[in-house]
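Residues in the sequence shown are numbered consecutively from 1, following full-length UniProt numbering. Where a beta carbon is used, it is the ideal one built from N, C-alpha and C, also for glycine. Predicted model, so just to flag it, every value in this text is computed and none were measured.
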Amino acid sequence: MKNYYASKTGRRKGRAMGKPQRKTHRSRKSVTIHPDSRMGPKGCPPPRGQPQITGYKHLYLANLFSHASKPDKKDRILRVRVHGSTRRLVKALQNHPDAKISNFTISQKGGYWYVAVMVKSAQRQPSLTRRQKQADTLGIDIGIHNYLSLSDGSTVIQLPPLLQRNIKRSKNLRKKLARSQKGSNRRRKLIATIKRVDHELKLQRDGFVHQITAELARNYALIGIEDLNVKGMTRSARGTVDAPGTNVRAKSSLNRRMLEGIPGEFRRQLEYKTKRTGAALEVIDRFYPSSKTCSRCGWKNENLSLSNRQFTCLECGLSLDRDHNAALNIAAEAERKHLKDTKSPKPSHD
């Protein structure tokens, strides 16, 4: 809804978005409970009817069975055993007395049950570490051949093999589903298996992106990324009946490989994690020719195609991988933009 209202008011670039449609098949089974007061940390028993965290393996969730017509059930408490450990959450509550748990949500995804705890705490001003201050500006190029190419030249990040195998497994299961008979037990079991595999695939993909973004936000003070138009880049090449497209299968494969890396989620995580660590994130304009410009002299190769993996400058003779060259240009542009933003005077409100 945020993008819809931004498009309606003119704050979102591009063509106007249509009215949002209800997608019930994408919704999840969940319930959110708002407790009357904070959950007590370990060793602090709260009054009857209030939720608490006891030990590192159990949660006591209050108000779960409250009902307007049955006020006698208001103080019922559900004891839940968690698969992992609540040690980090308990320690965080003990070390931050001002932290309060505002609500908790019980949900089901892919056959698994989850409890998400919402914690509110006073925002603290982050400060740069010594490692961040000593690091150079980092430029990140998100691509298809290489998932991430960094401007330092020492790291090219690829999707992990386990994630690639599970992506292939999900595709094969969908092929079996297309050959199954509607209403059969085999089809019903396949649908349940696909839901579980897709959920595990999402967890692996999100976990991989979380690890990468957390490491980048901790180690660098200034990071530059491109403002990718993912929707436009993954648009189908099928065309219309009157004007059919060309290389439809090849373009479909490129679109799929681009979306497998979830570039939008990568940017979202990097935005809030850089704010936590005190780092600065500069978003480069999507029309900036980072891949076609020489990172040494600035010469531009207008005829560079996607099939050319090597960038060669005809002016200074520089020759290097096109993704590395793009990352160097992004780093330089991010540094220039950051310097311009810090020097520009702030508007007065007199």
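C44 (DSSP reduced to helix, strand or coil): Caution applies to C44, whose pLDDT of 46 falls short of 50 and renders its modelled position unreliable; the value that the coordinates give is listed next. Coil.
Kindly indicate the opening and closing residues of the alpha helix (DSSP H) around F208. N185 to N219
Which one or two residues does DSSP pair with Y114 in a beta bridge? S107
Determine the direct distance from the alpha carbon of I262 to that of S295, and round the result to whole angstroms. 27 Å
Under 8 Å: do the stretch 320–339 and the stretch 285–305 share three or more Cβ pairs, one atom per stretch? yes
Grab the span of the beta strand (DSSP E) containing K29 for me, first residue to last. K29 to I33
Are the stretch 267–282 and the stretch 122–129 touching, with three or more C-beta to C-beta distances below 8 Å? yes
Between the Cα of E302 and those of L190, Q310 and P289, spot the shortest distance and give me the residue it belongs to. P289
Could you round the C-beta distance between I191 and L177 to whole angstroms and report it? I think they count as a contact, below 8 Å. 7 Å
Quick one: which unbroken alpha helix (DSSP H) runs of 4-plus residues sit fully inside the stretch 251–334? Chain order, please. 263–277
Looking only at its chain, what residues have a beta carbon closer than 6 Å to the beta carbon of A116, apart from the 5 residues adjacent to it on each side? T105
Compute the Euclidean distance between the alpha carbons of R38 and R124, then round it to the nearest angstrom. Low per-residue confidence applies at R38: pLDDT is 42, beneath 50, and the placement is therefore not dependable, though the value from the model is reported in the following sentence. One C-alpha to the other measures close to 20 Å.
Assuming F266 contacts V209 under a Cβ cut-off of 8 Å, what Cβ separation, rounded to an integer in Å, is found between them? 5 Å
Can you tell me where the alpha helix (DSSP H) with L89 in it begins and where it stops? R87 to N95
Relative to the alpha-carbon of R28, which residue among S121, L148 and Y112 has its alpha-carbon at the smallest distance? Y112
Helix, strand or coil: which one does DSSP assign to D141? strand
Helix, strand or coil: how does DSSP classify L128 here? coil
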